[in-house]
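K.L.:
Residue numbers (the working numbering): 5 to 259.
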């Protein structure tokens with residue numbers, strides 16, 4: 005299927021590794037022009053040479069705004085913003101979570117998306133096929149025991165997405181959220197290890213329990229998420245907006 009994304013101008017936050025890297029590589033394969041940021045300088049350096057890249061901590065608002073402006077200048081405009089940056093946050097009982105850890109998780113996972121959307125909106129209005137795709141999580145649909153900051157942030161992403169879809173819809177800017185389930189990779193492994201340690205249970209038991217709540221008991225690959233994002237960025241999705249789209253193997257709950 006030709007998604008007609010050749011020359012599409014795309015910004016992806018946190019594109020050096022994992023899901024973000026898969027998104028960057030998928031857009032490049034379609035002929036898009038891509039800008040990305042990350043805190044991982046080595047990962048950024050290993051991206052293809054045609055990618056515009058900067059080392060940016062998305063929790064630094066001024067640096068993040070500067071990256072968006074520099075990217076738009078480099079790309080000559082903007083057609084699609086993909087808000088991928090996020091952190092797992094602490095795994096602990098609510099009374100044991102430090103306020104600074106709460107603030108950091110919400111800042112990285114939610115406030116950074118608000119900042120990029122606000123900075124990008126004026127540029128997207130000039131595009132003939134504008135879209136914003138925000139990465140939430142199935143934690144944005146379910147409560148998540150011992151992961152209060154992360155779940156709160158990911159629920160917030162849904163509220164941000166729905167509100168911006170209404171606000172920016174008259175400008176033909178589509179705004180959607182992707183809700184990944186259990187995604188293969190180092191980050192998911194670290195999350196499950198933290199849960200296993202906090203609960204004093206074997207890692208294999210934690211993993212088996214997580215899959216027991218899904219209909220399709222396989223990890224989601226970063227490439228599958230990238231495929232969904234490319235479709236939403238294409239003109240074929242021109243009337244899809246305000247949606248929270250789960251890619252999770254039909255997950256029913258989080259333990």
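Note that the Cβ used here is the ideal one computed from N, Cα and C, for glycine as well.
1) Is there contact here, the segment 224-243 with the segment 13-28, by at least three beta-carbon pairs under 8 Å?
2) Can you tell me which residues form a DSSP beta bridge with residue 85?
3) Under 8 Å: do the segment 35-55 and the segment 72-83 share three or more Cβ pairs, one atom per stretch?
4) On the criterion of 16 or more Cβ atoms from any shown chain inside 10 Å, does residue 42 qualify as buried, or is it exposed?
5) Compute the beta-carbon to beta-carbon distance between residue 138 and residue 89, rounded to the nearest angstrom, for a pair I have assumed lies under 8 Å.
6) Would DSSP call residue 245 helix, strand or coil?
7) Under 7 Å Cβ to Cβ from residue 68, same chain only, skipping five residues before and after it: list those, please.
8) First and last residue of the alpha helix (DSSP H) that includes residue 58?
9) Report yes or no: do the segment 247-257 and the segment 178-195 share at least 3 C-beta pairs separated by less than 8 Å?
10) Report buried or exposed for residue 194, applying the criterion of at least 16 other Cβ atoms within 10 angstroms of its Cβ.
11) Counting beta carbon pairs with one atom in the segment 243-251 and one in the segment 91-102, are three or more of them shorter than 8 Å?
12) Below 6 Å CB to CB, which residues in the same chain sit around residue 48 once its five sequence neighbours on both sides are set aside?
13) Which first and last residues belong to the beta strand (DSSP E) in which residue 68 is found?
14) Taking residue 196 and residue 210 to be in contact with their CB atoms under 8 Å, please state how far apart those CB atoms are, rounded to whole angstroms.
15) Look at residue 142 and residue 87 and say whether their C-beta atoms are less than 9 Å apart.
16) My understanding is that residue 9 touches residue 234, with C-beta atoms under 8 Å, so please give their C-beta distance in whole angstroms.
17) Measure the alpha-carbon distance for residue 133 versus residue 13 and round it to whole angstroms.
P.N.:
So, from the listed chains and residues:
1) yes
2) Residue 85 sits at position 81 when you count from the first residue of the chain shown. Residue 85 is bridged to 15 and 136.
3) These segments touch.
4) In the chain shown, the residue the question calls residue 42 occupies position 38. Answer is buried; the Cβ neighbour count reaches 16.
5) Within the chain shown, numbered from 1, the residue matching residue 138 stands at position 134. Within the chain shown, numbered from 1, the residue matching residue 89 stands at position 85. That pair is no contact at about 10 Å.
6) Here residue 245 refers to the residue found at position 241 when the chain shown is read from its first residue. Residue 245 falls in the coil class under three-state DSSP.
7) Residue numbering aside, residue 68 sits at position 64 when the chain shown is read from its first letter. For residue 68, where only same-chain residues beyond five positions count, the Cβ hits under 7 Å are 60, 62, 116, 119 and 120.
8) In the chain shown, residue 58 corresponds to position 54, counting from 1. Note, residue 58: premise wrong, no alpha helix (DSSP H); beta strand (DSSP E) at 56-59.
9) yes
10) Your numbering for residue 194 matches position 190 in the chain shown. Exposed, since its Cβ has fewer than 16 Cβ neighbours within 10 Å.
11) no
12) Translated into the one-based positions of the chain shown, residue 48 becomes position 44. The answer, listed in chain order, is 20, 42 and 57.
13) Reading the chain shown from its first residue, position 64 is the one you call residue 68. That residue, residue 68, is in no beta strand (DSSP E); its alpha helix (DSSP H) goes 65-79.
14) Numbered from its first residue, the chain shown carries residue 196 at position 192. Numbered from its first residue, the chain shown carries residue 210 at position 206. Yes, residue 196 and residue 210 are in contact; Cβ-Cβ is about 5 Å, under 8 Å.
15) Taking the first residue of the chain shown as 1, we reach residue 142 at position 138. Taking the first residue of the chain shown as 1, we reach residue 87 at position 83. No. Outside cutoff.
16) Position 5 of the chain shown holds residue 9. Position 230 of the chain shown holds residue 234. Indeed they touch by this definition, with Cβ atoms about 7 Å apart.
17) Residue 133 sits at position 129 when you count from the first residue of the chain shown. Residue 13 sits at position 9 when you count from the first residue of the chain shown. Near 10 Å, if we compare the C-alpha coordinates of residue 13 and residue 133.
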